[in-house]
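A quick write-up on the structure given underneath.
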Amino acid sequence: MREPPSPCNRVCRIDERTGWCLGCRRTLGEIADWPMLRAEEKHALLAQLQSRDQAPA
Numbered sequence: 002m003r004e005p006p007s008p009c010n011r012v013c014r015i016d017e018r019t020g021w022c023l024g025c026r027r028t029l030g031e032i033a034d035w036p037m038l039r040a041e042e043k044h045a046l047l048a049q050l051q052s053r054d055q056a057p058a
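Residue numbers (our numbering): 2 to 58.
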C-alpha cells in the first residue's frame, strides 16, 4: 500500500473545544504519531479526518 502524504496544511491551531487542529483536524496525539504509523494506519486516519470535516466546528 502506498504511503499517503501528511494532511498538514500549515494552519496549526488546536480548537480547545474539539482538541482538533483547525487546519488538518488531527489531535495532537495523531499529529505526533503520524511519522510512526504504517501506510494502512495513515489511510484509516485520513478516512476519519474526512468525517471530522463534516462535523460542525
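By construction, the Cβ of each residue, glycine as well, lies at the ideal position given by its N, Cα and C atoms.
For residue i, the nearest candidate out of the options (CA to CA)
i	options	result
GLU4	GLU41, ASP54, GLN49	GLU41
GLN51	ARG14, ASP16, TRP21	TRP21
Neighbourhood of residue i by C-beta distance below 7 Å, restricted to the same chain and skipping five residues each side
i	result
VAL12	LEU23, GLY24
SER7	TRP35
Beta-carbon gap between residue i and residue j smaller than 9 Å
i	j	result
ARG26	ASP54	yes
ALA48	THR19	no
Residues sharing a beta bridge with residue i, DSSP
i	result
CYS22	ILE15
Cβ neighbours of residue i in the same chain (closer than 8 Å, five flanking residues each side left out)
i	result
LEU38	LEU46
MET2	ALA40, GLU41, HIS44
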